[in-house]
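*Asks:* Structure in structure tokens, see below.
There are 2 protein chains.
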Amino acid sequence: MFRLAEYVPYLLNRAGARIAGSFSAELAAHGISLQAWRVLAALLDATALRMGDLGRLTSIDVSTLTRIVDGMEAQGLVKRRRGPDDARSVWVEPSARGRALGRRIVPEALRYESIALEGFSADEAAQLRSLLVRVFANMDRLGGVRARPRRKAG
Amino acid sequence: MFRLAEYVPYLLNRAGARIAGSFSAELAAHGISLQAWRVLAALLDATALRMGDLGRLTSIDVSTLTRIVDGMEAQGLVKRRRGPDDARSVWVEPSARGRALGRRIVPEALRYESIALEGFSADEAAQLRSLLVRVFANMDRLGGVRARPRRKAG
DNA sequence: TATTGTTATACTCTATAACTATA
DNA sequence: TATAGTTATAGAGTATAACAATA
Numbered sequence: 575m576f577r578l579a580e581y582v583p584y585l586l587n588r589a590g591a592r593i594a595g596s597f598s599a600e601l602a603a604h605g606i607s608l609q610a611w612r613v614l615a616a617l618l619d620a621t622a623l624r625m626g627d628l629g630r631l632t633s634i635d636v637s638t639l640t641r642i643v644d645g646m647e648a649q650g651l652v653k654r655r656r657g658p659d660d661a662r663s664v665w666v667e668p669s670a671r672g673r674a675l676g677r678r679i680v681p682e683a684l685r686y687e688s689i690a691l692e693g694f695s696a697d698e699a700a701q702l703r704s705l706l707v708r709v710f711a712n713m714d715r716l717g718g719v720r721a722r723p724r725r726k727a728g
Numbered sequence: 575m576f577r578l579a580e581y582v583p584y585l586l587n588r589a590g591a592r593i594a595g596s597f598s599a600e601l602a603a604h605g606i607s608l609q610a611w612r613v614l615a616a617l618l619d620a621t622a623l624r625m626g627d628l629g630r631l632t633s634i635d636v637s638t639l640t641r642i643v644d645g646m647e648a649q650g651l652v653k654r655r656r657g658p659d660d661a662r663s664v665w666v667e668p669s670a671r672g673r674a675l676g677r678r679i680v681p682e683a684l685r686y687e688s689i690a691l692e693g694f695s696a697d698e699a700a701q702l703r704s705l706l707v708r709v710f711a712n713m714d715r716l717g718g719v720r721a722r723p724r725r726k727a728g
């Protein structure tokens, strides 16, 4: 007997999709997508990050990230810069406006987390967080974000 | 300071997406999508379910579900039937082939769950499951799967 | 020859709206 | 007028492949 309602991958996927959809709708008021918000969030602690690292941090494929950063650059939220050491790499840097927007969204994001964790004790919340980090690491080993042998197989 | 790597909605969404993507690729060998598998899984315990209930059980919007069931019907995995009591409702019933395929996939699905939970004790796994069920319920209250005032707003 | 990022494309998922037929 | 399901469509998100520039 198989119970979908107790199956961890299903619960992860559906809970994740639900909260993402709902938060996306709220972010629309700020004129950015959920993915753009993740980019901003990743940049809040850093002065600048390379596209590749940004992709790993946000779990966004670089090819997708390119277009997201295109949009954010057009909005004046980030700036691209070529690295002096390695001219292939591109550094993404938040603008003052980008930083300000990111910081303004943080409390809203935290409110969403507290909706997801409504009725949880502090202990339970911490427990869930640490269990999720471990699941995430397990899934990370499985592949994902493209392990790049990008050449055609044949 | 905001740490994306410890933010529950992010972890949920990314872990969920990762495992879904990976499992989808494996399901392709059986000729069905992840969503179709969920439909099969939901039907394994039932003789038949209405479209609406099926949508709620699998968290798939009915409009999406229609097309998924179209495909499954063409593959001979399920059969649609009109309800005698209420001629508006449509009952979806798994075929023998559909049931067999569903049952064949169950162990693979469980293997994926155990990949996600690698290194977890039985206690920790149970804990995560129950915490996720609660998160899922919290998100459910938030809206989702369309609360239908489907009429145009203006 | 390998790596970084970009572009193009195709496929899935999701959300919305308008429609049919029943109730 | 409300409900069950269908159809059409548009928007994200994701993955793949081919490419340019650089190492």
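Residue numbers (this note's numbering), protein chains in the order written: chain A, 575 to 728; chain B, 575 to 728. Beta carbons: idealized from backbone N, C-alpha and C, even for Gly. Please read all numbers here as calculations on a predicted model, not as lab measurements.
Please classify residue 667 of chain B: does DSSP put it in a helix, a strand, or coil?
*Replies:* Strand at residue 667 of chain B.
*Asks:* Taking just the CA atoms, how far does residue 710 of chain B sit from residue 675 of chain A?
*Replies:* Residue 675 of chain A and residue 710 of chain B: Cα-Cα distance of roughly 29 Å.
*Asks:* Using a Cβ distance threshold of 8 Å, determine whether the segment 576-589 of chain A contacts the segment 612-628 of chain B, with at least three qualifying pairs required.
*Replies:* Enough Cβ pairs lie closer than 8 Å, so yes.
*Asks:* Counting C-beta neighbours from all protein chains within 10 Å, is the total for residue 585 of chain B 16 or more, i.e. buried, or is it exposed?
*Replies:* Answer is buried; the Cβ neighbour count reaches 16.
*Asks:* For residue 633 of chain B, go through chain A and note every residue whose CB falls closer than 7 Å to its CB, in chain order.
*Replies:* Per Cβ cutoff of 7 Å: 588.
*Asks:* Have a look at the DSSP bridge pairing and note the partners of residue 577 of chain A.
*Replies:* For residue 577 of chain A, which the question treats as bridged, DSSP gives no partner whatsoever.
*Asks:* Kindly indicate if chain A contains any beta-carbon less than 8 Å away from that of residue 703 of chain B.
*Replies:* Yes - at least one Cβ of chain A is within 8 Å of the one on residue 703 of chain B.
*Asks:* Helix, strand or coil for residue 654 of chain B per DSSP?
*Replies:* Of the three classes helix, strand and coil, the one that applies to residue 654 of chain B here is strand, per DSSP.
*Asks:* Does any residue of chain B bring its CB to less than 8 Å from the CB of residue 593 of chain A?
*Replies:* Yes, residue 593 of chain A lies at the interface with chain B (some Cβ there is under 8 Å from its Cβ).
*Asks:* If we call anything under 8 Å between Cβ atoms a contact, is residue 614 of chain A one with residue 607 of chain A?
*Replies:* It is not a contact, given that the beta carbons lie outside the stated cut-off.
*Asks:* Inspect the CB distances between the segment 625-632 of chain A and the segment 584-598 of chain A and report whether three or more fall short of 8 Å.
*Replies:* Cβ pair count under 8 Å is below three, so no.
*Asks:* Count the CB pairs spanning the segment 652-664 of chain B and the segment 698-715 of chain B that are closer than 8 Å, and state whether there are at least three.
*Replies:* Cβ pair count under 8 Å is below three, so no.
*Asks:* Based on the DSSP secondary-structure assignment, which residues constitute the bridge partners of residue 624 of chain B?
*Replies:* Residue 624 of chain B is bridged to B:665.
*Asks:* Nearest to residue 646 of chain B by alpha carbon, out of B:691, B:672, B:580 and B:698?
*Replies:* Considering only alpha carbons, the answer is B:672.
*Asks:* Could you check whether the Cβ of residue 661 of chain A sits closer than 8 Å to any Cβ belonging to chain B?
*Replies:* No, residue 661 of chain A lies away from the interface with chain B (no Cβ there is under 8 Å from its Cβ).
*Asks:* Which one of A:677, A:695 and A:715 has the shortest CA to CA distance from residue 708 of chain B?
*Replies:* Checked all of A:677, A:695 and A:715; the closest Cα to residue 708 of chain B is A:695.
*Asks:* What number of angstroms, rounded off, separates the C-alpha of residue 638 of chain A from the C-alpha of residue 686 of chain B?
*Replies:* Roughly 26 Å separates the two Cα atoms.
*Asks:* If you run the structure through DSSP and keep just helix, strand and coil, what is residue 605 of chain A?
*Replies:* Coil at residue 605 of chain A, not helix or strand.
*Asks:* Going by Cα to Cα distance, which pick from B:698, B:644, B:581 and B:712 is closest to residue 668 of chain B?
*Replies:* Selected option, being the one with the closest Cα: B:644.
*Asks:* Can you tell me the Cβ-Cβ gap for residue 712 of chain B and residue 690 of chain A, rounded? I've got them flagged as a contact below 8 Å.
*Replies:* Contact holds; Cβ gap of about 6 Å.
*Asks:* Would you say residue 600 of chain B reaches chain A, if we count a Cβ-Cβ gap shorter than 8 Å as a contact?
*Replies:* Not one chain A Cβ lies under 8 Å of residue 600 of chain B.
*Asks:* Figure out for me which residue from B:592, B:622 and B:589 has the closest Cα to the Cα of residue 664 of chain B.
*Replies:* Among B:592, B:622 and B:589, the Cα nearest to that of residue 664 of chain B belongs to B:622.
*Asks:* So, with DSSP's three-state summary, where would you put residue 588 of chain B?
*Replies:* Three-state result, residue 588 of chain B: helix.
*Asks:* Does the CB of residue 693 of chain A have a neighbour CB from chain B at under 8 Å?
*Replies:* With 8 Å as the cut-off, residue 693 of chain A counts as an interface residue toward chain B.
*Asks:* Closer than 7 Å by C-beta to residue 723 of chain B: which residues in its own chain qualify, once you throw out the five before and the five after it? Chain order, please.
*Replies:* Because the pLDDT at residue 723 of chain B is just 43, under 50, the model does not fix this residue reliably, and the value given afterwards should be weighed accordingly. Within the same chain, residue 723 of chain B has no close Cβ partners at all.
*Asks:* Does residue 721 of chain B have its Cβ less than 8 Å from a Cβ in chain A?
*Replies:* For residue 721 of chain B, the predicted model reports a pLDDT of 42, less than 50, meaning its position is unreliable; a value from the coordinates is still stated below. No, no contact with chain A.
*Asks:* Here's a check: name, in chain order, each residue in its chain whose Cβ is nearer than 8 Å to the Cβ of residue 678 of chain B, leaving out the five neighbours to either side.
*Replies:* So the list reads 604, once near-sequence residues are dropped.
*Asks:* Rounded to whole angstroms, what's the CA-CA distance from residue 642 of chain B to residue 666 of chain B? Just pull it up for me.
*Replies:* Taking the straight line joining both Cα atoms gives about 12 Å.
*Asks:* Measure the C-alpha to C-alpha separation of residue 636 of chain B and residue 630 of chain B and round it to an integer number of angstroms.
*Replies:* Cα-Cα distance, rounded: 9 Å.
*Asks:* So, is residue 725 of chain A buried or exposed, given that buried needs 16 or more other C-beta atoms within 10 angstroms?
*Replies:* Residue confidence is low: residue 725 of chain A scores 41 on pLDDT, short of 50, so the model does not pin down where it sits. Its coordinate-derived value is still stated next. By the 10 Å Cβ count, residue 725 of chain A comes out exposed.
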